[in-house]
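Since the structure comes first, as structure tokens, the remarks are kept for the end.
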Amino acid sequence: MSEYLPGILWLVVLLVVNAFFVGAEFAVISARRSQIEPRAEAGSKAAKTTLWAMEHATLMLATSQLGITVCSLVILNVSEPAIHHLLEIPLGLTSLSAEAIGVVAFVIALVLVTFLHVVVGEMIPKNLSFSVPDRAALLLAPPLVFVATVFKPVIWSLNGIANGVLRLFRVEPKDEATSSYTLDEVATIVKQSTREGVLRDASGTLTAAFEFTTRKVSDVEVTIDEMVRLEPGATPADVQRAVAAHGYSRYVLTDDEGEPTGYLHLKDVMDLTTPDAFDAPVPEKRIRRLGAVPHDADLEDALASMRRSGAHVARAVSTMGRTTGVLFLEDIIEELVGQVDDATTV
Numbered sequence: 001m002s003e004y005l006p007g008i009l010w011l012v013v014l015l016v017v018n019a020f021f022v023g024a025e026f027a028v029i030s031a032r033r034s035q036i037e038p039r040a041e042a043g044s045k046a047a048k049t050t051l052w053a054m055e056h057a058t059l060m061l062a063t064s065q066l067g068i069t070v071c072s073l074v075i076l077n078v079s080e081p082a083i084h085h086l087l088e089i090p091l092g093l094t095s096l097s098a099e100a101i102g103v104v105a106f107v108i109a110l111v112l113v114t115f116l117h118v119v120v121g122e123m124i125p126k127n128l129s130f131s132v133p134d135r136a137a138l139l140l141a142p143p144l145v146f147v148a149t150v151f152k153p154v155i156w157s158l159n160g161i162a163n164g165v166l167r168l169f170r171v172e173p174k175d176e177a178t179s180s181y182t183l184d185e186v187a188t189i190v191k192q193s194t195r196e197g198v199l200r201d202a203s204g205t206l207t208a209a210f211e212f213t214t215r216k217v218s219d220v221e222v223t224i225d226e227m228v229r230l231e232p233g234a235t236p237a238d239v240q241r242a243v244a245a246h247g248y249s250r251y252v253l254t255d256d257e258g259e260p261t262g263y264l265h266l267k268d269v270m271d272l273t274t275p276d277a278f279d280a281p282v283p284e285k286r287i288r289r290l291g292a293v294p295h296d297a298d299l300e301d302a303l304a305s306m307r308r309s310g311a312h313v314a315r316a317v318s319t320m321g322r323t324t325g326v327l328f329l330e331d332i333i334e335e336l337v338g339q340v341d342d343a344t345t346v
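As structure tokens, this is what we get:
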């Protein structure tokens, strides 16, 4: 029995090593930066090493695959003879011939080693890394990085060859693992959490946020015919009458052809109270400029553009440069949070 013990011990060791490489591989890919970064910022060396591994995912995959391949090639060679000879002892008590015993023992040994390799060396560590990816990454990534450092020349060569083959097929390899949720994944999580009663979206804000990303400027813009506008040469008195009639705080000014030229906020003319100024056209310098956003642009891009310029109103223009309507910041916000009352209507 003692002569077979080393083979059995090697089987156990190689299964554990193979499980380590499999678990580390899937942990590095599955872990989330949002869970690891706070630990790294707090000074955790394991977390810092794990982040490095996530940022060099292809190197980690090359290291894992090398380790898995070596274990897979060696495990049967070192363990099968020991198991084979152990099985020959009970099989020798049967009436089978020596040749039949050898074949049966080999088949049983092959099936047993394959079963252990697949279940213990592959499936268990893989499922474990998927179940607790962050903890698995913090535990397994540091030793994986150490192995990659020890065998750096071999790992870098293998990784370089693999990336070179990808580039031949015009595929740009990625070094960093994707560790953030896509919009569709977040929407699915929210929908499932709401269905199971874990999350409540009574106001509909979360749903609106997801729908917001699919909205276009054309879905929200106010056409020229629909909006309340001021004619050329509008006076503070005209603004006052418009506020009294409609209750809005911002009004678009148009030229003789109905083309928007700028806009006024109520506060822009509040100090023009003298008789001469109140009934005279609003000074040109007080009229705010209208920026332009594409009619078919994503609403979130238009919002970003308006935020950069500090404007609350913008022209929506077609690909031909024709004005199709006017976009109000208030209408964009309402897409996210629901009805927003104008300050002058409250």
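Everything in the sequence shown is counted per UniProt numbering, starting at 1 for the first residue and increasing by one.
All residues carry an ideal CB built from backbone N, CA and C; glycine is no exception.
If you're wondering where the values come from, they're calculated on a predicted model, not measured in any experiment.
Checklist line | Terminal residues of the alpha helix (DSSP H) in which P236 lies | finding: 236-246
Note to self: Quick check on DSSP: helix, strand or coil for T50?
What the structure shows: helix
Notebook entry, point to check: Just how far apart, CA to CA, sit N77 and P38?
Noted result: 45 Å
Notebook entry, point to check: Which first and last residues belong to the alpha helix (DSSP H) in which H56 is found?
Noted result: It is not in any alpha helix (DSSP H) - H56 carries neither H nor E in the DSSP assignment.
Notebook entry, point to check: Mind checking M1: buried by the 16 CB within 10 Å criterion, or exposed?
Noted result: Because M1 carries a pLDDT of 49, less than 50, the predicted location of this residue cannot be relied on, and no value is offered for it.
Check: Using the rule of at least 16 other Cβ atoms within 10 Å of the residue's Cβ for burial, across every protein chain shown, is H84 buried or exposed?
Finding: buried
Margin query: Please list the terminal residues of the continuous alpha helix (DSSP H) segment that includes V113.
Written below: 98-118
Check: Going along the chain, which residues of its own chain have a beta-carbon closer than 7 Å to the beta-carbon of A105, five neighbours each way excluded?
Finding: H84, L87, E88, L91
Next item on the list: Spell out the partners DSSP gives V147 in its beta bridges.
Entry: Partner(s): none; V147 has no beta bridge.
Margin query: Using 8 Å for Cβ pairs, my map puts R315 next to P260. What's the rounded Cβ distance?
Written below: 5 Å
Check: Do you know how far the Cα of L272 is from the Cα of T345?
Finding: Here the model assigns T345 a pLDDT of 47, short of 50, so the residue's position is not dependable, and the following value carries that caveat. Taking the straight line joining both Cα atoms gives about 22 Å.
Notebook entry, point to check: In terms of residues, what are the limits of the beta strand (DSSP E) holding F169?
Noted result: Note, F169: premise wrong, no beta strand (DSSP E); not H, not E.
Next item on the list: Taking the CB atoms as reference points, tell me whether V317 and V222 lie closer together than 9 Å.
Entry: no
Next item on the list: Return the chain-ordered list of same chain residues with a C-beta closer than 8 Å to the C-beta of G67, the five sequence neighbours on each side being excluded.
Entry: V17, N18, F20, F21, V147
Next item on the list: For G247, decide whether its Cβ has a neighbour in chain C, counting only Cβ atoms nearer than 9 Å.
Entry: Of the protein chains in this structure there is only one, and it is not chain C.
Check: Does the separation of the CB atoms of I8 and S79 fall below 9 Å?
Finding: yes
Next item on the list: Taking only the alpha-carbon atoms, compute the straight-line gap between L266 and V217 and give it to the nearest angstrom.
Entry: 25 Å
Next item on the list: Name the residue from Q240, H117, T149 whose alpha carbon lies nearest to the alpha carbon of F278.
Entry: Q240
Check: In whole angstroms, what separates the C-alpha of P173 from that of T319?
Finding: 36 Å
Next item on the list: Using a threshold of 9 Å, state whether the C-beta atoms of A31 and M54 are closer than that.
Entry: yes
Check: In whole angstroms, what separates the C-alpha of K152 from that of L11?
Finding: 27 Å
Margin query: Looking only at its chain, what residues have a beta carbon closer than 6 Å to the beta carbon of G291, apart from the 5 residues adjacent to it on each side?
Written below: S309, A311, A314
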